[in-house]
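In my numbering, the protein residues as written are 12 to 484.
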């Protein structure tokens, strides 16, 4: 189990420093809130940032759950041996220049020596060449400085949430962390394992199967060593919560990965087919990965536990109606997935809407519709048994729509227990409206294409959950 890694009682920083800008300084600063549970290690200092400092982990009187090593590769093997002798449970090696870099001779051999030393004592390794674990407030092994919007430095730390991220790349981890903050989404845990000489993606995925705080898992990998184990665990995890995998597959990307983390190349067609077999979603781009993670985090599985998952589109702009219809087609959504309006529903809509509105799905209620009309139409649609999901594209450019529509949308989603997803398209006003929707936890995008993509992946997830329920899996 990895409990002691994500919830350590004691954390030692090997190579701790007061020198601003150094790795040892930033790792210490990022964990100062641990107070007496944070132990600096440095042979030349008595204290670091006000904390008693020990020459070696062998001199520390209490047990150490996690050691974070920021020393260079030349000294890492000795550090690992000392940690093994001190019965440290986990060591996170953040420094690079090991097996990932061909121009540093002996890197692979050094990694094997490090692994052997750790295994002799049952100690597990995260890294090397990584930023490690982020589980606020328990552990932040990242070496990036505290974020400041004025200096444009550091890694923004997301609020606590339900999204879990596993990444082979440290830079991708940092970008995802910043993206979560920008989107107002919460992070459960994040782990970057770098070269992964010991613990790799499937080890962490297995742990998150039983993590009650985790509702969606995003995985970025550049190569897979044990494909069977990866597929087995990802399939098991996906039955409990959505898993999205981003793995570059082109020949050019594979060569780049080999020089980045020393990844082992995999046959992309086989990898793709294996993921489909276990019903795990594969994202093709970074943007698609982010959209999928966001979608599943804001529309969790409990909203998909329905007999059907028919959708209805609504907008007050004719062009956006056409673009939504085209986007659904581009995402291979069949016409049969669109709700058919019952005669009573049509009659009720005709009473609300002007005579020039054609009652179709998607539905354009025309540009002069008020917020009250838009809300009333959504209520009528959501009252229909075969409307399981609303795709809403309200255009606020006409002055007829007001901010109260945002609150009404959130109220209706809560009241009916049916997903409502929104696209707010345009310039600065549309951006402000998206922020308002985000504040009330309504899934939102800036274009119809992403909205249609979100429905597509939720529809697939619904089918998967329903088939599992019917089969008793």
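Glycine is no exception: its CB is placed at the ideal position from the N, C-alpha and C atoms.
ask   = So does the stretch 297-307 actually touch the stretch 374-388, counting three or more Cβ pairs closer than 8 Å?
value = no
message = Is there a C-beta anywhere in chain D that falls below 8 Å from the one on residue 171?
response = Checking the listed chains, one finds no chain D in this structure; it contains a single protein chain.
message = How far does the beta strand (DSSP E) with residue 402 in it extend, from its first residue to its last?
response = Here residue 402 is taken as the residue at index 391 of the chain shown, counted from 1. Note, residue 402: beta strand (DSSP E), 400-404.
ask   = From what residue to what residue does the beta strand (DSSP E) around residue 25 run?
value = Residue numbering aside, residue 25 sits at position 14 when the chain shown is read from its first letter. It spans 22-25 - the beta strand (DSSP E) in which residue 25 sits, taken as one unbroken run.
inquiry  = Once the 5 residues before and after residue 540 are set aside, which same chain residues still bring their CB inside 7 Å of it?
reply    = The shown model of the chain, from 12 to 484, leaves out residue 540, and the question about it has no answer.
task = Could you please give the first and the last residue of the uninterrupted beta strand (DSSP E) stretch that includes residue 178?
result = The residue labelled residue 178 in the question sits at position 167 within the chain shown. 171-178 is the extent of the beta strand (DSSP E) around residue 178.
task = Could you say if the stretch 127-141 and the stretch 91-101 meet the contact criterion of at least three C-beta pairs nearer than 8 Å?
result = yes
key: When 19, 155, 65, 70 are compared against residue 38, the one with the closest alpha-carbon   = Working through the chain shown from its first residue, we reach residue 38 at position 27. If you compare the alpha carbons of 19, 155, 65, 70 with that of residue 38, the shortest gap goes to 155.
key: Identity of the residues DSSP links to residue 322 by a beta bridge   = Residue 322 sits at position 311 when you count from the first residue of the chain shown. Note: residue 322 sits in a beta bridge opposite 349, 400.
task = Ignore the nearest five residues each way along the sequence and tell me which others in residue 386's own chain have a CB closer than 6 Å to its CB.
result = Counting from one through the chain shown, the residue named residue 386 turns up at place 375. 419, listed in sequence order.
ask   = Based on the DSSP output, what are the partners of residue 18 in its beta bridges?
value = Residue 18 sits at position 7 when you count from the first residue of the chain shown. In DSSP, residue 18 forms no bridge with anything.
query = Which partner residues of residue 80 appear in the DSSP bridge assignment?
reply = Walking along the chain shown from the start, residue 80 turns up at place 69. Paired residues: 25, 104.
query = In three-state DSSP terms, what is residue 166?
reply = Taking the chain shown and counting its residues from 1, the one referred to as residue 166 is at position 155. If DSSP states are grouped into helix, strand and coil, residue 166 belongs with coil.
inquiry  = Which of the three DSSP states is assigned to residue 161 in this structure?
reply    = Position 150 of the chain shown, counting from 1, holds the residue named residue 161. Because residue 161 carries a pLDDT of 48, less than 50, the predicted location of this residue cannot be relied on, and no value is offered for it.
For residue 149, the nearest candidate out of 438, 316, 16, 401 (CA to CA) = On the chain shown, position 138 is the one that residue 149 refers to. Of the candidates 438, 316, 16, 401, the one whose C-alpha sits nearest the C-alpha of residue 149 is 16.
ask   = Between residue 28 and residue 60, what straight-line distance do the alpha-carbon atoms span, to the nearest angstrom?
value = The residue you call residue 28 lines up with position 17 of the chain shown. The residue you call residue 60 lines up with position 49 of the chain shown. Roughly 8 Å between the two C-alpha positions.
ask   = Near residue 242, which residues of its chain fall below 6 Å by C-beta distance, leaving aside the five closest residues on each side in sequence?
value = Working through the chain shown from its first residue, we reach residue 242 at position 231. Spatial neighbours of residue 242 in its own chain (CB-CB distance under 6 Å, excluding positions within 5 residues in sequence) are listed in chain order as 285, 289.
query = Would you call the stretch 198-208 and the stretch 131-148 in contact, with 3 or more CB pairs under 8 Å?
reply = Yes: the two stretches touch, three or more of their Cβ pairs being nearer than 8 Å.
message = Just verifying my parser: in three-state terms, what is the DSSP assignment at residue 12?
response = Walking along the chain shown from the start, residue 12 turns up at place 1. Residue state, collapsed to three classes: coil.
ask   = Alpha carbon to alpha carbon, how far is residue 428 from residue 299?
value = Stepping through the chain shown from its first residue, residue 428 is reached at position 417. Stepping through the chain shown from its first residue, residue 299 is reached at position 288. Cα to Cα, the separation comes out at about 26 Å.
DSSP state of residue 292 mapped onto helix, strand, coil = Here the question's residue 292 lines up with position 281 in the chain shown. Three-state DSSP puts residue 292 in a strand.
ask   = Which of the three DSSP states, helix, strand or coil, is assigned to residue 149?
value = Position 138 of the chain shown, counted from the first residue, corresponds to residue 149. Residue state, collapsed to three classes: coil.
Limits of the unbroken alpha helix (DSSP H) element including residue 357 = If you number the chain shown from 1, residue 357 lands on position 346. Residue range 354-363 is occupied by the alpha helix (DSSP H) that includes residue 357.
query = Applying the criterion that 16 or more other CB atoms from any shown protein chain within 10 Å of the CB defines a buried residue, is residue 12 buried or exposed?
reply = Translated into the one-based positions of the chain shown, residue 12 becomes position 1. Flag for residue 12 reads exposed.
Selected residue, minimal CA-CA separation from residue 176, among 118, 194, 209, 232 = Translated into positions along the chain shown, residue 176 becomes position 165. Among 118, 194, 209, 232, the Cα nearest to that of residue 176 is on 232.
key: Cβ-Cβ separation, residue 388 to residue 356 (assumed contact under 8 Å), whole Å   = Position 345 of the chain shown holds residue 356. Position 377 of the chain shown holds residue 388. For residue 356 against residue 388, the beta-carbon gap comes to about 10 Å, at or over 8 Å, which does not count as contact.
key: From 197, 450, 52, residue whose alpha carbon lies closest to that of residue 25   = Position 14 of the chain shown, counted from the start, is the residue given in the question as residue 25. Of the listed residues, the one whose Cα sits closest to residue 25 is 52.
task = Ignore the nearest five residues each way along the sequence and tell me which others in residue 251's own chain have a CB closer than 6 Å to its CB.
result = Position 240 of the chain shown, counting from 1, holds the residue named residue 251. Only residues of its own chain outside the window of five on either side were considered, and among them 220 have a CB closer than 6 Å to the CB of residue 251, listed in chain order.
inquiry  = Tell me the DSSP secondary structure of residue 465 in three-state form.
reply    = Against the chain shown, residue 465 aligns to sequence position 454. Residue 465: helix per DSSP, three-state reduction.
task = Please classify residue 30: does DSSP put it in a helix, a strand, or coil?
result = Looking up residue 30 in the chain shown gives position 19. Note: residue 30 maps to coil in three-state DSSP.
key: Closest Cα partner of residue 494 within the set 63, 279, 74, 137   = There is no way to answer for residue 494, as the model of the chain reaches only from 12 to 484.
key: Inter-residue spacing [alpha-carbon to alpha-carbon] between residue 314 and residue 307   = Start at 1 with the first residue of the chain shown, and residue 314 comes out as number 303. Start at 1 with the first residue of the chain shown, and residue 307 comes out as number 296. The straight-line gap from Cα to Cα measures roughly 10 Å.
With 16 other Cβ atoms within 10 Å as the buried cut-off, status of residue 319 = The residue given as residue 319 occupies position 308 in the chain shown. Per the 10 Å Cβ criterion, exposed.
query = Whose C-beta lies closer than 6 Å to the C-beta of residue 161 among residues of the same chain, with five residues either side of it excluded?
reply = For the purposes of this step, residue 161 is taken as residue 150 along the chain shown, with counting starting at 1. Unreliable placement is indicated for residue 161, whose pLDDT of 48 sits below 50; no coordinate value is reported for it.
Distance between residue 346 and residue 338 (C-alpha atoms, nearest Å) = Counting from one through the chain shown, the residue named residue 338 turns up at place 327. Counting from one through the chain shown, the residue named residue 346 turns up at place 335. Whole-angstrom Cα-Cα distance: 12 Å.
ask   = Per DSSP, residue 128 forms a beta bridge with which residues?
value = Sequence index remark: in the chain shown, residue 128 carries index 117 (1-based). For residue 128, which the question treats as bridged, DSSP gives no partner whatsoever.
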